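Q:
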Amino acid sequence: MRINAFADVCLRVVMLLTAAPESVTFTSRVVAAEVGTPYNHVSKALLRLRELGLVEALRGRNGGVRISALGREVTVGALLRTLDTRTDLAACDTPNGPCPLISGCGLRGALRRAREAFYRELDDLVISSLPHGKANGPVLVELGLVR
2 MRINAFADVC LRVVMLLTAA PESVTFTSRV VAAEVGTPYN HVSKALLRLR ELGLVEALRG
62 RNGGVRISAL GREVTVGALL RTLDTRTDLA ACDTPNGPCP LISGCGLRGA LRRAREAFYR
122 ELDDLVISSL PHGKANGPVL VELGLVR
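Pasting the structure below:
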């Protein structure tokens, strides 16, 4: 299975935000720089994460984004399942219309079950458990969160 680029950016953002202390906020530009993704992609990801209640956006001079309580508890499987907008993994349409084998084909169902098994396997993996101190140390030091 392969996740799409948007889901990848969302996972990176949630991991970054969960690695920071609860009171710390980030500007979207800082988030973009830290996850190594263009600002416009991160802005879209932050908007969607905010819609899902995983990120809080604070306005004002000291505003920014931070992870919400729900965001600290979300699992990889739940987030990926929510972000996956594909109805089918197999493209059953041809330039000439629907695939002629579609009525007797079991591939679509098998792929749907495989995708769900993939997500189920990730349902126990809480995103906030993924960032570990040593691996994130340089990021947090660079951001001035850890000395």
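Numbering of the sequence shown is given in our numbering, commencing with residue 2 and proceeding in unit increments.
Note that CB positions come from ideal geometry on N, CA and C, so glycine has one too.
In this text, all values refer to a predicted model and were calculated from it rather than measured experimentally.
1) How about L55 and E35: are their beta carbons less than 8 Å apart?
2) Between L53 and chain B, is there a C-beta pair that is closer than 8 Å?
3) Could you check what DSSP says for I4 in three-state terms: helix, strand or coil?
4) Three-state secondary structure (DSSP) at V31?
5) Between L81 and L123, how many whole angstroms is the CB-CB distance? I'm expecting something under 8 Å.
6) Under the rule that 16 or more other beta-carbon atoms within 10 Å means buried, what is L12, buried or exposed?
7) One question on the structure: do R62 and S129 come within less than 8 Å of each other, judged by their Cβ atoms?
8) Taking the alpha-carbon positions, what's the S69 to I103 distance?
9) Mapping the DSSP letters down to three states, classify L59 as helix, strand or coil.
10) Should T19 go down as buried or exposed, given a rule of 16 or more other Cβ atoms within 10 Å for buried?
11) For R121, count the other beta carbons within 10 Å of its own beta carbon; 16 or more makes it buried, fewer makes it exposed. Which is it?
12) Just to confirm my understanding: we take R87, look at its own chain, exclude 5 residues before and 5 after, and list those with CB closer than 7 Å. What are they?
13) May I ask you to list the residues that DSSP assigns as paired with R67?
A: If we stick to the structure as given:
1) no
2) No chain B is present in this structure, which holds just one protein chain.
3) coil
4) helix
5) 7 Å
6) buried
7) no
8) 44 Å
9) strand
10) buried
11) exposed
12) none
13) E57
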